[in-house]
Every structure is written in C-alpha cells, then in structure tokens.
C-alpha cells in the first residue's frame, strides 16, 4: 500500500534473474493490458514512478524495474556498473516476461539504457519516451576525449578506491534524508519529497538511515560504447520517440546541441518551462497529458 500518498493500492514486488543477480521490479497489475515499462535514472529507484504508474495503470500493465545497484535490486559484488550491462538487464526483463512489443518511458540513465536497447531491438519497442536520456552532452564528451586515455581510467580507479574506503553515509534521522532530497530537487512538493525519500532509504541496525543505492555508482567507468556506436544505435530506432527536456535542467537539449540529427524522422522533442531534470515530477499534470496521448 502507498497510503501516505493517497494513491490507493500499490504495486506488488517481483524479481527476476539477470547476470546471476536478483533484480527487483514493481508490478502494478492489469496483466491483460499492453505492457509499459517505466525505467528510473541513476541513484534513483522504481517507486519514483508511483504517480505516473497510478495515472496509467488503468490502461496499461505497468512494470517498474529497480536497476541493479539501485532500490531493492542487488548490488554488483565488484561495484562495477556499465550502461551496456544495464541494457542486458532490460533485454532480459523484456525476454523473460514476454513483453515485446513493449512501450517504454525512461528517465536520465534509464533513457540512455532504453534508447540503446531500442536501437538494438527496434521491433521490440512500440513507442519510446526518454526524459533527458541521451547521456553526456557533446561538449562533455569532447572534454573527456581531450584527456589522455590512461588518465580517464586512472581517475576511475581513484574514484573506486575512494568508494571502497568510504563507509556508507549514514543520516541520524529520516528528516535529514528528506532535507537532502529537497536539496537535490527544489521543485519537489513536500508530498513528493517525503514519498521519494521513504522508498529511497533503508534503516541501519544502529537506527540511522542510508540511501539504498550502491556507493560505487559514484565511480562511473569511462564510456563502454564509442560515440559513433551510440549514434548508430539511435539511428536504428524506428518506433515513434518522444524526448522530453526541462528548460531549467543542466541536461543538454538534443534539438539545440545537434544530436537530433542522428535520429530518424519519427522523433520529436518537447521542452517544459519551469522544470528541471525531473520533468515527470516538476510538471506532472502536463507531463502525464502529453505522454498519455503519445503512447496511446
């Protein structure tokens, strides 16, 4: 139940195995309806989609996975996470549950995963919505490219060592966690921030609170697919695709930075004023109206 939001009956918790790892997903029922995957972003969790799932569950079989190392999914023993590893997990979810052709709505890292998967398996995806989901901007990619190759990896090694040496951060109270959530996104309402924090933290044995995600996610390895490879995957997408951006976000809009040219004719970009990186929270009503019409 998610009564703290007044959203009514909540989802059931399910799991599947991918790469010898037990991964969690929230299933919102209505199994006879067309399948809809809602895929969260980095250091987030599947329950950030609760409002979206509640709005769409009447017409869709909504499934919200926790990425490995996030939420209630297991962590990698070696703390090593790659984007293509996540693509495999998504491929296994679709394959094991027999979801193809599936509709996908994805945010940030989830969007990066979903666009790659759709390029690999274009016939498996009916419609795709990616919220700020194309990864680093061309400017950021170029800045990284200017660094010596060895330096890119030594920086990653340093970050891994830091993550290994650092204890999981503990917060004395739930309110401390809530405050950190508010700092991360000032657009959140009190209700949104509390609900997202409730599902983002775990209670430690000593009574403190910690985030559920693996601290090693801070140490992201150098990109595992060359930029040209990503462009090829984007160009292989054939389904209608909607890319959503917040006008106040740090993310780079592909309509302005040139990345839109690598997509086919079935893609469009929608930008929201008064919205940051989490458009689906910041402009929820407008977001739901546009997405509901697009995926119908």
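In the numbering used here, the protein residues as written are -12 to 283. From the three backbone atoms N, C-alpha and C, an ideal C-beta is built for every residue, glycine too.
TODO: Kindly say whether residue 157, judged by its beta-carbon, lies nearer than 8 Å to any beta-carbon of chain B.
DONE: This model lacks chain B altogether, as it is built from one protein chain only.
Open item on the list: Between the alpha carbons of residue 20 and residue 3, how many angstroms are there, rounded?
Closed with: Taking the straight line joining both Cα atoms gives about 21 Å.
Open item on the list: So, for residue 78: in the same chain, excluding its five sequence neighbours on each side, which residues have a beta-carbon less than 8 Å away from its beta-carbon?
Closed with: Spatial neighbours of residue 78 in its own chain (CB-CB distance under 8 Å, excluding positions within 5 residues in sequence) are listed in chain order as 104, 107 and 108.
Open item on the list: Would you call the region 21 to 36 in contact with the region 45 to 59, where contact means no fewer than 3 C-beta pairs closer than 8 Å?
Closed with: When C-beta atoms of the region 21 to 36 are compared with those of the region 45 to 59, three or more pairs fall below 8 Å, so the two segments count as touching.
Open item on the list: With a threshold of 7 Å (Cβ to nearest heavy atom), would residue 115 be considered close to the ligand NAD?
Closed with: Judged by which ligands are present, the structure shown has none, so any question about the ligand NAD falls away.
- [ ] Identify every residue that forms a DSSP beta bridge with residue 52.
- [x] BP columns for residue 52 point to 12.
Task: Neighbourhood of residue 172 by C-beta, 6 Å cutoff - its chain only, sequence neighbours within 5 removed - done: Hits under 6 Å: 265.
Task: Where residue 234 falls, given that 16 or more other Cβ within 10 Å makes a residue buried - done: Exposed, because fewer than 16 other Cβ atoms sit within 10 Å of the Cβ of residue 234.
Open item on the list: Comparing C-alpha positions only, which one of 110, 134, 137 and 52 sits nearest to residue 97?
Closed with: The candidate whose alpha carbon is nearest that of residue 97 is 52.
TODO: Let me know if residue 138 comes out buried or exposed under the rule of 16 or more other beta-carbons within 10 Å of its beta-carbon.
DONE: It counts as exposed.
Open item on the list: Counting beta carbon pairs with one atom in the region 181 to 197 and one in the region 25 to 35, are three or more of them shorter than 8 Å?
Closed with: Yes, they touch.
Open item on the list: My output table needs one value for residue 0: the three-state DSSP class, helix, strand or coil.
Closed with: Strand at residue 0.
Open item on the list: Ignoring anything shorter than 4 residues, give me the alpha helix (DSSP H) runs that lie fully in the region 161 to 229, in order along the chain.
Closed with: Whole alpha helix (DSSP H) segments, 4+ residues: 161 to 171, 177 to 187 and 214 to 222.
TODO: Report the three-state DSSP secondary structure of residue 5 (helix, strand or coil).
DONE: Strand, per DSSP.
Task: Three CB pairs or more closer than 8 Å across the region 226 to 233 and the region 250 to 263 - done: Yes, the region 226 to 233 is in contact with the region 250 to 263.
- [ ] May I ask you to report which of helix, strand or coil DSSP gives residue 82?
- [x] Helix at residue 82.
Open item on the list: For residue -12, count the other beta carbons within 10 Å of its own beta carbon; 16 or more makes it buried, fewer makes it exposed. Which is it?
Closed with: Any reading at residue -12 needs caution, since the residue's pLDDT is 30, under 50, leaving its predicted position unreliable; the model's value is listed next. Taking all protein chains shown into account, residue -12 has fewer than 16 neighbouring C-beta atoms within 10 Å of its C-beta and is therefore exposed.
- [ ] Within its chain, find whatever has a CB closer than 7 Å to the CB of residue -8; leave out the 5 residues flanking it on each side and keep chain order.
- [x] Bear in mind that the predicted position of residue -8 carries a pLDDT of just 38, short of 50, making it too unreliable to give a figure here.
- [ ] Just the C-alpha distance for residue 155 and residue 114, rounded to the nearest angstrom, thanks.
- [x] C-alpha of residue 155 to C-alpha of residue 114: approximately 38 Å in a straight line.
TODO: Could you tell me whether the Cβ atoms of residue 120 and residue 94 are closer together than 8 Å?
DONE: Taking 8 Å as the Cβ cut-off, residue 120 and residue 94 qualify as a contacting pair.
TODO: Label residue 127 either buried or exposed according to how many other C-beta atoms from any shown protein chain fall within 10 Å of its C-beta, with 16 as the threshold for buried.
DONE: Label assigned to residue 127: exposed.
Open item on the list: For residue 216 and residue 161, I'd like the C-alpha separation in whole angstroms.
Closed with: A direct Cα-Cα distance of roughly 43 Å separates residue 216 from residue 161.
Open item on the list: Per DSSP, what are the beta-bridge partners of residue 233 in this structure?
Closed with: Residue 233 is bridged to 259.
Task: Beta carbon of residue 111 nearer than 8 Å to that of residue 135 - done: The criterion of a C-beta distance shorter than 8 Å is not satisfied by residue 111 and residue 135.
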